[in-house]
Amino acid sequence: MSIEATGAEPQSKRGLGLASVAALGVVFGDIGTSPLYTLKTVLDYTGPHPDATATLGALSLILWTLFLVTTVKYVNVAMRIDNDGEGGIIALMTLLGVRRHQRPLIVAAALFGAALIYGDGAITPAISVLSALEGVEQIAPSLQTYVLPAATLILLALFAAQPFGTAAIGRAFGPIMLLWFAVIAALGAYGVSQRPSVFAAVNPLYGLEYLSNGGLQGFLVLGGVFLCVTGAEALYADMGHFGPTPIRLSWSLIVFPALILNYAGQAAIVLAGAPTEGNIFYRLCPTPLLTPMIVLATIATVIASQSIITGAFSMTRQAIQLGWLPRMAITQTSAEGYGQIYVGAVNWILMIVTLGLTIGFGKSDNLAAAYGIAVSATMLMTSVLLFIAMREVWGWPIAGAGAVAGLFLIVDGAFLAANLAKVMQGGWVPLLLASIVYGVMWIWHRGATAVRDQVIAQQTPLSAMITELHSGKIARVPGSAVFFTRAMDQTPPVMDWHVRKNRALHESVLALTLTVLSIPWTDPDERLTVQHVDDKFWRAEARRGFMEHPDIPEILRECKATGVGIDLDDVTFYVGAETIVPREDGKGIPRWQEALFAALGRNAERISDYLDLPCDQVVEIGREIEI
């Protein structure tokens, strides 16, 4: 026993180490590349020659923001509240809102927070790649004219490569980001060696004094400070990919120390007299190493952008599974991980918006005004949900939950207020994008609910269908039929139509309902329920979590194993093809909502394609539904 235990422990440590390095490439790309532009943006508020008080104050605000928001809120609090191992605002929403129902405000707030992340997903690649390439100005000012074309080409190539999958590239992300953090830590240490007194900024009084004496300008600087934690939400959202322990280890042992050193190094050279024009980050780098540093920074920002794009794909799949977005074509690009997917519609829309922002704003300085407002609003909504979770999941008294969540709300509220001041300078962009995405989610969900209500209202009792089958008027033909239906205890509408029009039915029949649960993964014992309704007639409910894609052949094999007498080699699948029309009695949803929902439905992926049904075994039955 002791020998086996001793041998298992190093393997466990090795696996944990590999997962921690892998997490560097997926989780920390965004927050890890923020030193490229954060301190520069903050000091831009103070003018070209900030004094020591302003520099130390700015550094103090950055360090304490990293600590309070990332270390305390996300690493030590949020990551302890998970939905069966999954994190992020949608997982938290389903834990607190969907499971309990009757909580439309929680659902609405969380969905708008999720929609805001799409806005962040369009801005992050643009500002990151631009800020990395702007380092060429340090080599030769004349190269500045090539920054925008180069950034455009890199981003175009990044989005164009998405359909091929990122499994092979992903294996290299972790080691590259490990190198990145080692390099920025070394550069930061070099900068600190020139003015070690910079670590006085660890005293929070420097930051508080800077805020209190700066007036309105001091408050608005928080909008720049917030850029240092724009990737913190990813720690929580990506928790399901690696688990909390590797993420905590990577943050505590590698990322947080590297960021502290680099920000301190940048502030130190400013205190030592370095100019703040151009990119302060690259002034830390010795001139002979500047070119390889720009190359490494560009690769790191591409990795950060890839993480954002992958996150948008994963969030889209969650929203589709939960019924908040229309079905879209989802391609599994690798068998190595469930998160390795490609969603074409999201990819190309993100590409168009990202390239538009890159070309329209032109410089990372200009994009900084648009950046942050989306994530700060999402973080505020996450704090509200965390308060509810502390009360309902942990059972904390209202005083304790209020004290902890109140601190988060004050910090998040201050950052959001400061970022809202940037609305006219570009902050309207992510708000507009989020409003569009939220509008699509809201209309789709409302339309889908109206369709479900109409289908339920028109259902035929199952007992009536059984009676008709026994009457001898319905011919039973050889073969097996699977009818997909929402009806849990009534006759599947598609089956009802088929029987009435064709006066025939297959010999063996399975009515199959696919239910998406408000948990990411389903317990093996609860994945399938089968009921023998009548002779050679079964109904089954297959339950899957919102992170799972239904595998129809697997479900049918499970049904077969429970005694369902269908021939897996001779199955015909029946699905409904619904045409949405407005109700004539004036009791339906508003016409404009019906029109938008119908348009979304026409452009949604067919259910047979979404479920990967063999095209030569599918019968689609069309019908009109008034909503």
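Just so you know, the working numbering puts 1033 at position 276 of the sequence shown, and the rest follows in order with no gaps.
Note that the Cβ used here is the ideal one computed from N, Cα and C, for glycine as well.
What's the C-alpha gap between residue 951 and residue 832?
Using only the alpha carbons, I get a separation of about 32 Å.
Roughly how many angstroms lie between the CA atoms of residue 890 and residue 902, to the nearest whole one?
The alpha-carbon atoms of residue 890 and residue 902 are separated by roughly 11 Å.
Return helix, strand or coil for residue 981, following the three-state DSSP convention.
Annotated three-state conformation of residue 981 is helix, per DSSP.
Just to confirm my understanding: we take residue 1029, look at its own chain, exclude 5 residues before and 5 after, and list those with CB closer than 6 Å. What are they?
Excluding sequence neighbours, residue 1029 sits near 951 and 952.
What's the gap between the Cα of residue 944 and the Cα of residue 1042?
Straight-line spacing of the CA atoms in residue 944 and residue 1042 works out to 6 Å.
DSSP puts residue 840 in a beta bridge; with which residues?
According to DSSP, residue 840 bridges with 843.
Given 8 Å, three or more beta-carbon pairs between the region 1296 to 1313 and the region 1271 to 1285:
The region 1296 to 1313 is in contact with the region 1271 to 1285.
In chain order, what residues of the same chain have a beta carbon less than 6 Å from the beta carbon of residue 1248, not counting five sequence neighbours either side?
Cβ within range, chain order: 1217, 1219 and 1222.
If you count every other CB in all the chains shown that lies within 10 Å of the CB of residue 873, and 16 or more means buried, which is it?
With 16 or more other Cβ atoms within 10 Å, it is buried.
Closer than 6 Å by C-beta to residue 1377: which residues in its own chain qualify, once you throw out the five before and the five after it? Chain order, please.
Sequence-distant Cβ neighbours of residue 1377 in its own chain, meaning closer than 6 Å and more than five residues away, are 1332 and 1334.
Within the region 802 to 839, ranges of the alpha helix (DSSP H) (whole runs, at least 4 residues):
List check, alpha helix (DSSP H) in window: 809 to 822.
Which two residues bound the contiguous beta strand (DSSP E) that contains residue 1237?
1232 to 1241 is the extent of the beta strand (DSSP E) around residue 1237.
Are the region 995 to 1003 and the region 1182 to 1200 touching by the rule of at least three beta carbon pairs closer than 8 Å?
Using a C-beta cut-off of 8 Å, the region 995 to 1003 makes no contact with the region 1182 to 1200, since fewer than three inter-stretch Cβ pairs fall below that distance.
Assign residue 1286 to one of three DSSP states: helix, strand, or coil.
Residue 1286: strand per DSSP, three-state reduction.
Find the nearest neighbour of residue 1368 within the set 1353, 1135 and 1310, judged by alpha-carbon distance.
Cα-wise, what sits closest to residue 1368 is 1310.
Which stretch, first to last residue, makes up the beta strand (DSSP E) that contains residue 1296?
Looking at the DSSP string, the run of the beta strand (DSSP E) that includes residue 1296 is 1294 to 1301.
Going by beta carbon distance, what residues of the same chain come within less than 6 Å of residue 1108, once the five residues before and after it are set aside?
Correct list, in chain order: 916.
Report the partner residues of residue 1342 according to the DSSP bridge assignment.
Per DSSP, none; premise fails for residue 1342.
Buried or exposed (CB count within 10 angstroms, at least 16 for buried), residue 806
Residue 806 is classed as exposed because its beta carbon has fewer than 16 other beta carbons within 10 Å across all chains shown.
Quick check: the region 1120 to 1128 against the region 1173 to 1185, are there 3 or more CB pairs under 8 Å?
Enough Cβ pairs lie closer than 8 Å, so yes.
Consult DSSP for residue 1249 and reduce its assignment to one of helix, strand or coil.
Coil at residue 1249, not helix or strand.
Can you list, in chain order, the residues of its chain with a C-beta nearer than 7 Å to that of residue 974? Leave out the 5 residues immediately preceding and following it.
Excluding positions up to five away in sequence, the list reads 802.
Backbone secondary structure at residue 1132 - three-state DSSP
It is helical.
Could you pull out every residue in the same chain whose Cβ sits closer than 7 Å to the Cβ of residue 1199, ignoring the five residues on either side in sequence?
So the list is empty, once near-sequence residues are dropped.
Which runs of the alpha helix (DSSP H) fall wholly inside the region 852 to 890 and span at least 4 residues, in chain order?
Runs of the alpha helix (DSSP H) inside the region 852 to 890: 861 to 890.
Roughly how many angstroms lie between the CA atoms of residue 720 and residue 783, to the nearest whole one?
This structure cannot speak to residue 720, because the chain is shown only from 758 to 1384.
Length-filtered (4 minimum) alpha helix (DSSP H) runs lying within the region 920 to 955:
DSSP runs (the alpha helix (DSSP H)) wholly in the region 920 to 955: 924 to 951.
Count the other CB atoms, across all protein chains shown, that sit within 10 Å of the CB of residue 779; report buried if there are 16 or more and exposed otherwise.
Classification for residue 779: buried.
In three-state terms, what does DSSP make of residue 1146?
Residue 1146: helix per DSSP, three-state reduction.
What would DSSP say about residue 1122, mapped onto helix, strand or coil?
DSSP places residue 1122 in helix when its eight states are reduced to three.
What is the rounded straight-line gap between the Cα of residue 823 and the Cα of residue 1189?
Pairing residue 823 with residue 1189, the inter-Cα distance amounts to about 28 Å.
Work out the CA separation of residue 1136 and residue 1049 for me, nearest whole Å.
Straight-line Cα distance between these residues: approximately 35 Å.
Taking the DSSP output, what are the residues bridged to residue 1261?
Residue 1261 is bridged to 1232.
Per DSSP, what kind of secondary structure is residue 1380 in: helix, strand or coil?
Strand at residue 1380.
Going by DSSP in three states, residue 1321 sits in which element: helix, strand or coil?
Shown here, residue 1321 sits in coil according to DSSP, grouped into three states, outside any helix or strand.
Can you have a look at residue 990 and say buried or exposed, based on whether 16 or more other CB atoms are within 10 angstroms of its CB?
For residue 990, the number of other beta carbons within 10 angstroms of its own is at least 16, and it is reported as buried.
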